[in-house]
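Novice:
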DNA sequence: GTGGCAGTTCTTGTATGTAAGCAGCGTCGA
DNA sequence: TCGACGCTGCTTACATACAAGAACTGCCAC
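Protein chains in written order, with the UniProt record's numbering: chain R, 1 to 236; chain S, 1 to 236.
1. Helix or strand or just coil, what does DSSP make of residue 61 of chain S?
2. Return the chain-ordered ranges of every beta strand (DSSP E) run that is complete within the stretch 64-139 of chain R and spans a minimum of 3 residues.
3. With residue 154 of chain R as the anchor, note down where its alpha helix (DSSP H) starts and where it stops.
4. Given this structure, state the Cα-to-Cα distance separating residue 32 of chain S from residue 65 of chain S, to the nearest angstrom.
5. Under 8 Å, Cβ to Cβ, is there at least one residue of chain R near residue 53 of chain S?
6. Assuming residue 205 of chain S is part of the alpha helix (DSSP H), what are its boundary residues?
7. Quick one: using the 10 Å Cβ neighbour count with 16 as the cut-off for buried, is residue 124 of chain S buried or exposed?
8. Using a Cβ-Cβ cut-off of 7 Å (strictly less than) and excluding sequence neighbours within five positions of residue 178 of chain R, which residues of its own chain qualify?
9. Please classify residue 51 of chain R: does DSSP put it in a helix, a strand, or coil?
10. Please tell me whether residue 85 of chain S has its Cβ less than 8 Å away from any Cβ of chain R.
11. Going by C-alpha to C-alpha distance, which of S:198, S:204, S:49 and S:225 sits closest to residue 87 of chain S?
12. Could you compute how far the alpha carbon of residue 185 of chain R sits from the alpha carbon of residue 13 of chain S?
13. Quick one: which residues of the stretch 130-164 of chain R get their C-beta closer than 7 Å to a C-beta of chain S? List them in chain order.
14. State yes or no: is the C-beta of residue 72 of chain S nearer than 7 Å to some heavy atom of the ligand NAP?
15. Is there contact between the stretch 73-84 of chain S and the stretch 33-50 of chain S, where contact requires at least three CB pairs shorter than 8 Å?
16. Please return the same chain residues whose Cβ sits closer than 7 Å to the Cβ of residue 89 of chain S, not counting the five positions on each side in sequence.
17. Using the rule of at least 16 other Cβ atoms within 10 Å of the residue's Cβ for burial, across every protein chain shown, is residue 49 of chain S buried or exposed?
18. According to DSSP, is residue 40 of chain R helix, strand or coil?
19. I think residue 84 of chain R touches residue 194 of chain R, with their Cβ atoms under 8 Å apart; what is that distance to the nearest whole Å?
20. Which residue from S:191, S:183 and S:171 puts its Cα closest to that of residue 203 of chain S?
21. Leaving out five residues before and five after residue 196 of chain R in sequence, what residues of the same chain have Cβ atoms less than 8 Å from its Cβ?
22. Excluding five sequence neighbours on each side, which residues of the same chain lie with their C-beta closer than 7 Å to the C-beta of residue 24 of chain S?
23. Could you check whether the Cβ of residue 72 of chain S sits closer than 8 Å to any Cβ belonging to chain R?
24. Between the Cα of residue 98 of chain S and the Cα atoms of S:18, S:189, S:208 and S:10, which residue gives the shortest distance?
25. Would you report the Cα separation of residue 108 of chain R and residue 126 of chain R, rounded to the nearest angstrom?
26. Per DSSP, residue 31 of chain R is paired with what?
27. State the DSSP-derived secondary structure class of residue 23 of chain S, mapped to helix, strand or coil.
28. Who are the neighbours of residue 114 of chain R on chain S, taking C-beta pairs under 8 Å?
29. Is there a Cβ from chain S that is less than 8 Å from the Cβ of residue 8 of chain R?
30. Let's see if you can read the secondary structure: which residues bound the alpha helix (DSSP H) around residue 178 of chain S?
Here it is as C-alpha cells:
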C-alpha cells in the first residue's frame with residue numbers, strides 16, 4: 001500500500017500552485033480565490049483550500065479569514081532566515097562526510113555539473129540542477145533527508161533568487177563555484193570545501209541583496225496588511 | 001486585521017492534537033478517525049481533516065487513503081534527522097552572537113534557568129522551560145525566527161525524549177549544562193559555549209539511544225504498513 | 001462636493017452529503 | 001480443515017451547501 005497517493009487531487013493542486021508561486025508566475029500579492037482556483041483547475045474548493053492551508057504554513061501564501069488569500073510578498077527577513085538555515089545545515093553536513101564517498105552518488109554529481117556547463121542552459125533548468133546538486137552534497141554526508149526541511153523553509157529565498165537572476169544573469173560564476181566545492185570534497189579537503197560552500201551561499205545572498213537595493217518594491221515588507229483586491233487576475 | 005485568527009476551530013483542533021501526540025497522550029500507532037475526533041471535539045470533520053493533513057506534513061501522523069489515519073511511530077531515522085538539524089541551527093547561531101547581549105533577553109534566560117532549578121519541577125514544565133531556553137539562545141543571536149522550523153522538524157525527537165526521560169529522570173544534569181552554556185555566552189567565550197551546547201545536545205541524543213536499545217519496541221521502524229485497527233480507542 | 005449608511009457581493013470557515021476503496025468477517029464449497 | 005468469495009462497515013477524498021463577516025459601491029442627506 002502506498003501512503004497518501006502522490007496522484008491525489010490535492011497533491012496535484014498543491015504542487016501546481018507551489019510551482020507557480022516559486023517561479024513568480026503567480027507574483028507576490030496575487031489574489032488566490034478558492035473559487036476561482038477551483039474553477040480553473042477543474043476541481044472543487046476542498047483540495048484547493050487544503051493546498052492553500054499548506055502553502056500558508058510554508059509562508060508562501062497568506063490567508064486572511066473572510067477576506068481572501070494572497071501570494072505572500074518576498075519578505076527580506078524571511079529570506080535572511082532561510083539563508084541562515086540553509087547555510088547552517090549545508091555546512092554542518094560537511095562535518096559528517098565519510099572518508100570514502102559513495103561512487104554512484106559522486107558520478108551523479110559529476111554528471112550534474114556537466115549539465116550545468118551545457119551551452120544555452122535556460123534559467124529554470126539551471127535552478128533544477130542547482131537544487132539537485134546541493135541536495136546531492138547533503139546526501140554525500142548521509143543527511144539527505146534534511147533537504148526537505150530546507151526546501152520547505154527556503155521558498156522566500158528561491159523567489160528572491162529568481163528576482164535577482166533575472167537581472168544579473170550570473171549563472172556562470174555559480175557553476176564554477178560548484179566545481180570548486182566538489183573538487184575539494186573529492187580531495188578530502190573539508191575545510192576548503194566548507195569555505196567554498198560558505199562563499200558560494202553568501203554570493204547568492206549578496207546577489208539577492210543587490211537586487212533588493214535596486215528594486216526595493218519587489219521586497220515590500222510583508223506585514224499584516226491586505227493587498228488591494230484589484231491587484232488580481234493573475235490567474236489566467 | 002489579524003491573520004488566520006488564532007482562535008479558528010482548525011487552530012484549536014490542530015494544537016490540541018499536536019500536543020496530545022507530542023506528549024504521547026496519543027501514543028504511536030493510535031487510530032485517528034476523522035469522525036471520532038470530530039465528535040469528541042464537538043466540531044465537524046472539516047477542521048479535523050485539515051489538522052490531520054498538517055500533522056501529516058510534519059510527519060507526526062500518517063494518512064492512508066481510504067484506510068485510516070494513525071499517529072506515526074517514533075522513527076529512529078527521523079529522530080536522527082531532527083537531531084542533526086537542531087544541532088546545525090543552534091551551533092551556527094552561536095557564530096552570530098553579538099558583542100553586547102540584549103539585557104532584557106538575558107534577564108529572561110536567567111529567570112528561566114532559575115525556574116529550572118525549582119524543586120519538584122514536573123516533567124512537562126521542564127520541557128516547556130527547556131524549549132523556551134533554547135529558543136532564547138537563538139534569539140540572542142538574532143535568529144529567533146529559525147526556531148519555528150526546528151520545532152516543526154523535531155516532533156519525533158521530542159517524543160523520543162519523552163520516552164527517554166520517563167525512564168532515566170536525568171533532568172538535573174541537563175539543567176547544569178544549561179547554566180554552563182549561558183555562562184560561557186555571557187563571558188563572551190563562544191568556543192566554550194559551542195562545545196557546551198554540542199555536548200548538551202549529544203547527551204540528550206545519547207539518552208534517547210539508550211532508551212532505544214532498552215525498549216526497541218517503542219521505536220518500531222515506521223514503514224508503510226498499516227497498524228492493526230484494534231490498537232485504537234486511545235481517544236477518551 | 002462630501003460624508004455616512006446600507007445593501008450587495010465577494011471572501012473564507014464550517015458542516016454535511018456523496019463516492020470510492022480497503023479490510024475484516026462470515027459463509028460456503030471442496 | 002482450509003481456502004475463496006462476497007457482504008458489511010468502516011475509512012478517507014472530494015463536492016457542495018450554508019453561515020458569518022469584511023469590503024466595496026452607490027445612494028442619499030447635507
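The beta-carbon is built from N, C-alpha and C at its ideal position, and this holds for glycine as well.
Specialist: With the structure as the only source:
1. In the three-state reduction of the DSSP assignment, residue 61 of chain S falls in the strand class.
2. Within the stretch 64-139 of chain R, the beta strand (DSSP E) runs of at least 3 residues that lie entirely inside it are, in chain order, 68-71.
3. No alpha helix (DSSP H) holds residue 154 of chain R; DSSP gives it neither H nor E.
4. Taking the straight line joining both Cα atoms gives about 13 Å.
5. Interface residue, yes.
6. Start and end: 190-214.
7. Looking at its Cβ environment, which holds fewer than 16 other Cβ atoms inside 10 Å, residue 124 of chain S is exposed.
8. Hits under 7 Å: 113, 116 and 133.
9. Helix at residue 51 of chain R.
10. True, the Cβ-Cβ gap to chain R drops below 8 Å.
11. Check the Cα spacing between residue 87 of chain S and each of S:198, S:204, S:49 and S:225: the tightest is with S:198.
12. Rounded to whole angstroms, residue 185 of chain R to residue 13 of chain S spans 47 Å at the Cα level.
13. Hits within the stretch, in order: 143, 145, 146, 149 and 153.
14. Here there are no bound small molecules, and the ligand NAP is not part of this structure.
15. Counting Cβ pairs under 8 Å, fewer than three are found: no touch.
16. Hits under 7 Å: 146 and 150.
17. It counts as buried.
18. Residue state, collapsed to three classes: helix.
19. At roughly 16 Å, the Cβ-Cβ gap does not stay under 8 Å, so residue 84 of chain R and residue 194 of chain R are not in contact.
20. Closest by alpha carbon: S:171.
21. Excluding sequence neighbours, residue 196 of chain R sits near 177, 180, 181 and 184.
22. Excluding sequence positions up to five before and after residue 24 of chain S, its CB lies within less than 7 Å of the CB of 159 and 162, all in the same chain and listed in chain order.
23. Interface with chain R (8 Å Cβ-Cβ cutoff): residue 72 of chain S is excluded.
24. Residue S:189 is the option with its Cα nearest to residue 98 of chain S.
25. Straight-line Cα distance between these residues: approximately 16 Å.
26. Within the DSSP bridge table, the entry for residue 31 of chain R names R:70 as partners.
27. In this structure, residue 23 of chain S counts as coil in the three-state DSSP scheme.
28. Within chain S, no residue comes near residue 114 of chain R; the closest Cβ sits about 30 Å away, beyond 8 Å.
29. Closer than 8 Å to some Cβ of chain S, the Cβ of residue 8 of chain R qualifies, so yes.
30. Start and end: 171-186.
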